[in-house]
Each structure stands twice: as C-alpha cells, then as structure tokens.
Amino acid sequence: MSETLLLARRAVREVWRIPAATIPALFIPVFFLVVNLGQVNRIFPTSTPFLHHQHYVAFQIPVSLVFAVSSATSGLAMVTDIDIGYLDKLLAAPIRRTAIVWGRLAADLARGVAVSIIVLGVGFAFGARVKSGVVGVLLLIVLSALWGVAYAGIAIAIALRTKNVQTTNASFLIFFPLLFLTPNFVPLELLAGPLKAIARINPVTYIINGLRELVLYPHIHWGSLGACALTIALTGIVLTGISMRALNHFSD
Amino acid sequence: MLCTLLPISEGEARVSGIDVRADPAAVRRRIGVALQEVGLDPTQTGRELLELHCGLYKIPDPAARSVELLHLVGLDEAADRTIKAFSGGMKRRLDLATALVHEPDVLFLDEPTTGLDPASRMTVWDEVRRINAAGTTVFLTTQYLEEADQLCGRVAIIDEGTIVAAGTPDALKAEMGSDVLIVGLDRSQHDEARAALTALRGLDHVTDAKEGLAVYVEDGAAAVADVVRLMNAVGLHPATITLSRPSLDDVFLAATGRRIEGGSPEAAA
C-alpha cells in the first residue's frame with residue numbers, strides 16, 4: 610500500500626473515531642438552513658419564479674452543502690499532530706512530505722461524502738427534491754466533498770505556519786464572507802449592484818450555482834457544472850499547493 | 016538537525032556516514048527517532064500505529080513485524096486498545112517500537128525516561144541495552160547522568176551548546192582521579208575551609224557543591240580524619256562528611272561548574 614493510502618486510512622479512522630470533530634461543523638449549516646427556512650419560507654413560496662416550483666429549501670441546499678464541507682477540521686488535526694509530536698515522527702520517516710497532506714485530504718473526502726449525505730437527508734426531510742435525479746444526487750455529493758478537499762488546504766497551511774490551535778480554528782471564519790458574498794439567498798441577477806459585482810468574482814458563487822442547477826433543473830447544465838468543477842479544481846490546486854509548500858518549509 | 020527535522024544552521028553533520036545536509040532522505044531510511052515528547056496518534060490502536068509505520072518504512076509483512084515489536088516491548092495484550100488509554104510507560108515503549116520498525120542503524124532517543132516511574136524506566140533501560148547489543152547505535156540525550164552512566168559507551172557533556180567533556184563514563188570518572196568528600200558546611204564558611212584544606216595530603220581540587228564543599232582527594236577514606244582535623248583547627252565543625260567515588264555528576268560539576276538540576280546542560284552518547 611502506498612504511503613498516501615496508509616496515511617489516508619489513518620486519517621479516515623481518526624474521523625470515524627472522533628465524531629465530535631465533525632458534528633459541530635455539521636450542526637452550524639443545518640442550524641442556518643432551518644433558521645433561514647423559518648424566516649423566508651413565506652416570502653418565497655413555491656410559485657416564486659427562481660424556485661422552479663420547488664420549496665425554498667431546495668434553493669438553500671447547495672449553500673448548506675458548501676457550508677458543511679468547508680471546515681477547518683483537517684487543519685485542526687494537523688495542528689494536533691504538531692502538538693503531540695506525531696508530525697515530527699512522520700517527518701523523520703522516509704516518505705514524501707506531500708503524502709502527509711494527501712492523507713489528510715483523503716479524510717476530508719470521506720468526511721465530505723458523509724456530511725453531504727446527511728445535509729441532503731435533512732433537505733429531503735424538509736421537502737427538497739433533486740430534479741436531476743440520482744445522477745444529480747451523486748454529483749451533489751461528489752462535488753461537495755471535492756470542494757471540501759479543495760478548501761481544506763487553507764486550514765492545513767495555517768496550521769503548519771502558525772502551529773496554533775486557536776488561529777487554525779479561527780481560519781473557519783474566512784469562509785463566512787466567501788459564503789455570504791454570493792447569491793446564497795436569491796439568484797445572482799436579483800442581487801444589488803455592488804454585491805452582484807463581488808459575487809461575480811467570488812469562486813464560491815460558481816460552486817453554489819453549479820450545485821443549485823442540479824437541484825432545480827431536470828437536465829444537467831454542463832456549462833454551470835463545468836464552471837463549478839473548474840473552480841473546485843483551481844481552488845484545490847492553489848490551496849493544496851500552498852499547504853504542501855508550508856509543509857516543505859515546516860520546521861520547529 | 017541529525018534527525019533531519021531541522022535544517023543545519025552551520026557546519027557539517029554525518030549520520031551513519033551520510034551527509035545529513037546533502038542526503039536527508041538516505042539518513043531517514045537509516046535512523047529511528049523517539050523524541051522527548053512521545054509522538055503517537057492517540058486515536059489509533061498500538062497495532063494499527065505499528066502497522067502504519069511498518070508500511071511507511073516498506074517492511075514486507077507489516078502485520079508480522081508489528082506482532083514481533085509488540086511482543087518485544089511487552090504490549091501484546093494492549094495491542095488492540097486505542098493509545099489514548101495507554102499509561103505513560105506503555106506509550107514510551109510503543110514510541111520506542113515505532114522507532115524500531117525498520118531495524119535502524121542509528122536510534123535517536125531524546126530523554127526516553129523523562130516522566131516514567133522507576134519500573135518503567137528500568138524496562139526502557141533494558142530495551143535500550145538489548146537494542147544496542149543487537150547492533151544498533153543508540154544516540155541518547157538525557158538529563159539523568161545516572162542513565163548516561165548505565166547505558167552509554169561514550170558520553171559527551173554539552174554546556175551552552177558546546178561539548179565540554181567527552182569519553183567513556185569510566186574514563187571520564189577516572190579523569191577526576193580522586194574520591195569525593197562532600198563536607199557539609201555553610202556556604203559562608205567555604206572560603207575559610209578551602210584555605211585550610213590546601214594542607215590536605217593527596218588533595219586534587221575543591222569546588223562548591225549544593226550540599227557543601229566538594230573535596231576531590233586521592234584516598235577519600237584515609238582523608239576523612241585529616242579533613243576533620245583541618246576544619247577543627249580553624250574552628251569549623253562540618254555537620255556531615257560524605258565519601259563517594261566520582262560519578263558523572265562530579266564529572267559534570269567539574270566540566271560546567273554546576274550540578275545538573277533539569278536545566279539546559281545535557282549529556283549525549
């Protein structure tokens with residue numbers, strides 16, 4: 610078994626054995642989803658044009674998915690490894706340093722799949738339906754999980770640079786402006802001018818739109834799906850690259 | 016730096032004949048490392064962690080090697096418990112086992128018995144002796160000079176980043192060339208006593224020690240009576256006089272001018 614797979618297995622086991630590290634990251638987006646629905650369900654009935662005869666929950670599901678998978682959990686696991694001295698042990702082993710980061714990201718993939726299934730389940734319970742069918746559901750899960758992997762690099766890099774639990778945990782806050790400066794409540798064309806301009810250059814907009822079209826439309830819109838996949842890939846390349854660079858320059 | 020965890024700031028270092036700066040990956044393949052802070056993932060079981068490390072070191076049969084190592088460090092029964100439930104001694108032994116998966120040429124142990132109870136300390140000592148007897152060079156860093164005396168073939172005393180004494184424990188102690196009498200006096204009386212002791216036959220040298228004045232003399236037993244006489248002659252009455260053979264503590268004291276008390280000076284061998 611390759612060193613990446615070995616470290617991935619260890620990280621996935623860790624996720625499984627410490628559910629307390631995943632549950633808070635899941636609780637907040639589900640809480641937001643429920644609160645948002647309670648507040649705006651009546652304002653946006655199913656007859657609202659941009660809902661395409663769905664409940665507002667369907668419109669919100671992609672936001673909750675992206676919110677749930679964009680966590681600092683891997684960064685926190687990395688800073689724990691630094692604290693307990695286990696990272697030193699791995700660094701002294703004859704392995705590629707990149708395998709240490711890939712192992713962590715594998716855990717993000719597993720966690721992302723599990724969390725996405727749960728969030729979708731909550732959405733279904735509130736009446737959401739994925740119009741693009743089973744393929745759409747699978748794409749929602751896979752793309753959400755991959756976004757979680759792509760985004761995880763930022764917390765890992767912060768963990769390696771700062772070696773500080775509080776700072777790494779606070780990196781979660783970076784995602785709030787990214788999430789809320791998007792068409793998360795209404796479509797892009799309904800946003801006010803300045804917010805619309807910001808949302809257009811915000812990569813998270815393209816993730817939410819790609820996922821949202823899978824929920825709202827029966828046919829897959831390859832253009833928005835491609836933009837979503839491309840954004841995930843580019844974000845992943847940049848942030849994973851930064852985290853690997855941080856590990857290569859890591860020393861106590 | 017020798018373990019490749021820190022970049023070399025200055026000079027050159029070789030481990031097992033390999034230039035650490037030029038080829039750190041080759042060094043990593045030949046060394047095992049057990050640092051002062053036990054580096055174990057508490058969410059894994061002992062067996063899982065050893066199998067992981069066997070895999071990372073490309074050991075052909077990780078499961079079999081893990082069983083062997085668990086037996087070696089006496090953790091067979093605890094093998095499938097998560098590490099967070101291990102005692103300090105068990106963690107230390109498992110940490111040692113993870114450093115041994117690939118039978119390294121050189122094993123770096125950084126204060127391997129710090130925080131252990133006496134029984135666990137003895138177990139680790141036995142294990143270090145066994146590893147060394149099997150052909151592995153053990154590079155041990157410790158603040159316990161008795162530990163260095165018991166385990167090490169060669170000792171180097173480092174003070175403020177500089178080696179101030181080096182050699183086998185016996186040679187270092189022999190260099191002291193004398194027995195040690197610790198004369199229990201108040202510190203304010205040391206100067207007066209020191210002056211009086213210049214007349215002592217076989218005197219090597221005198222230093223201040225925590226417990227009193229350390230008098231290094233050729234034949235300690237024969238000198239006790241003379242020391243008492245010389246002290247009394249100048250009106251001093253030592254509360255205690257303790258005779259001992261020179262230990263590495265004495266070597267350390269002579270080399271650094273102070274006794275080790277968990278501070279920065281370290282012994283490495």
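Those sequence lines, one after another, are chains H and X.
Using the numbering used here, the first residue of the first sequence is number 610, and each one after it goes up by one.
Using the numbering used here, the first residue of the second sequence is number 16, and each one after it goes up by one.
Beta carbons: idealized from backbone N, C-alpha and C, even for Gly.
Q. In chain X, what lies closer than 9 Å to D697(H) by C-beta?
A. Going along chain X in sequence order, the residues near D697(H) (Cβ under 9 Å) are C18, L20, V48, L50, E52, G54.
Q: Inspect the beta-carbon positions of A737(H) and Q663(H) and report whether they are closer than 8 Å.
A: In this structure, Q663(H) lies closer than 8 Å to A737(H) by Cβ.
Q) For A716(H) and chain X, any beta-carbon pair shorter than 8 Å? A) The beta-carbon of A716(H) is placed no less than 8 Å from the nearest beta-carbon of chain X.
(Q) Going by beta-carbon coordinates alone, are V739(H) and L642(H) separated by less than 8 Å? (A) Against a cut-off of 8 Å, the Cβ pair of L642(H) and V739(H) comes out as no contact.
Q: Starting from the Cα of A236(X), find the closest Cα among R43(X), R260(X), A270(X) and give me that residue.
A: When only C-alpha atoms are compared, the closest one is R260(X).
(Q) Going by DSSP in three states, P280(X) sits in which element: helix, strand or coil? (A) Confidence at P280(X) is low in this model, with a pLDDT of 47, below 50, so the placement of that residue is unreliable and no value is reported for it.
Q: Examine chain H for any beta-carbon lying closer than 8 Å to the beta-carbon of L85(X), and answer yes or no.
A: It does not; no Cβ of chain H falls within 8 Å.
Q) Can D837(H) and L848(H) be called in contact, C-beta distance under 8 Å? A) The sequence shown places Cys at residue 837(H), not Asp. Not closer than 8 Å, so no.
Q: Starting from the beta carbon of L71(X), find every residue of chain H whose beta carbon is closer than 7 Å, and list them in chain order.
A: What L71(X) touches in chain H: E612, L615, A702, I704.
(Q) So, with DSSP's three-state summary, where would you put S135(X)? (A) Helix at S135(X).
Q) What do you reckon, are the CB atoms on L160(X) and D264(X) nearer than 8 Å? A) Taking the C-beta atoms as reference points, D264(X) is found nearer than 8 Å to L160(X).
(Q) If I measure Cβ to Cβ from N778(H) and keep anything under 7 Å in the same chain, skipping five residues before and after, which residues do I get? (A) Taken in chain order, the residues that qualify are A681, L685.
Q.
Short of 8 Å in beta carbon distance, which residues of its chain neighbour R96(X), apart from the five on each side in sequence? Order them along the chain.
A. Contacts found: T60, G61.
Q. What does a CB cutoff of less than 6 Å around I670(H) pick up in its chain, not counting 5 residues either side in sequence?
A. Within the same chain, I670(H) has close Cβ partners G732, A737, V824.
Q) So which of A189(X), V82(X), A224(X) has the shortest CA-CA distance to H205(X)? A) It is A224(X) whose Cα lies nearest to the Cα of H205(X).
Q) Nearest-angstrom Cα distance between G278(X) and I627(H)? A) With a pLDDT of 44 at G278(X), under the threshold of 50, the predicted position of this residue should be treated as unreliable, though the coordinate-derived value follows. Their Cα atoms are separated by approximately 38 Å.
Q: Compute the Euclidean distance between the alpha carbons of L268(X) and L65(X), then round it to the nearest angstrom.
A: Straight-line Cα distance between these residues: approximately 41 Å.
Q. Which residue spans inside the segment 49 to 111 of chain X form an unbroken beta strand (DSSP E) run of at least 3?
A. Within the segment 49 to 111 of chain X, no complete beta strand (DSSP E) run reaches 3 residues.
Q | Same chain, Cβ closer than 6 Å to T152(X), five either side skipped, listed in chain order | A | Excluding five sequence positions before and after T152(X), the CB atoms of its chain that fall closer than 6 Å to its own CB belong to V121, given in chain order.
Q | Enclosing alpha helix (DSSP H) for G745(H) [first to last residue] | A | Start and end: 742 to 771.
**Q.** Contact the segment 158 to 172 of chain X vs the segment 205 to 218 of chain X: 3+ CB pairs below 8 Å
**A.** No, the segment 158 to 172 of chain X does not touch the segment 205 to 218 of chain X.
Q) If you measure from the CB of F154(X), is any heavy atom of the ligand ATP nearer than 7 Å? A) Here there are no bound small molecules, and the ligand ATP is not part of this structure.
Q) CA-CA distance, L797(H) and T655(H)? A) Per the coordinates, the alpha-carbon of L797(H) lies some 19 Å from the alpha-carbon of T655(H).
(Q) According to DSSP, is T19(X) part of a helix, a strand, or is it coil? (A) Of the three classes helix, strand and coil, the one that applies to T19(X) here is coil, per DSSP.
Q. Any idea if P280(X) is buried or exposed, counting beta-carbon neighbours within 10 angstroms, 16 or more meaning buried?
A. Model confidence at P280(X) stands at a pLDDT of 47, short of 50, so the residue's coordinates are unreliable and nothing is read from them.
Q | Euclidean distance between Cα positions of Q165(X) and V30(X) | A | Taking the straight line from one Cα to the other gives about 24 Å.
Q | Inter-residue Cα distance where the pair is L215(X) and L228(X) | A | Straight-line Cα distance between these residues: approximately 14 Å.
**Q.** Selected residue, minimal CA-CA separation from V198(X), among A163(X), L67(X), V242(X)
**A.** Closest option to V198(X), Cα to Cα, is V242(X).
(Q) Suppose you measure from the CA of E175(X) to the CA of T271(X); what does that come to, to the nearest Å? (A) The C-alpha of T271(X) is placed about 9 Å away from the C-alpha of E175(X).
Q: Check the Cβ of R619(H) against every Cβ in chain X and list those closer than 9 Å, keeping chain order.
A: Within 9 Å Cβ-Cβ: D56, T58, Q59, E63, L64, L67.
**Q.** Residue nearest to I178(X) in terms of C-alpha spacing, selected from V266(X), M137(X), D234(X), R108(X)
**A.** The shortest Cα separation from I178(X) among V266(X), M137(X), D234(X), R108(X) belongs to V266(X).
Q: Give the DSSP bridge partners of V230(X), in chain order.
A: According to DSSP, V230(X) bridges with L196(X), V221(X).
(Q) Could you check whether the Cβ of R145(X) sits closer than 8 Å to any Cβ belonging to chain H? (A) Not closer than 8 Å to any Cβ of chain H, the Cβ of R145(X) fails to qualify, so no.
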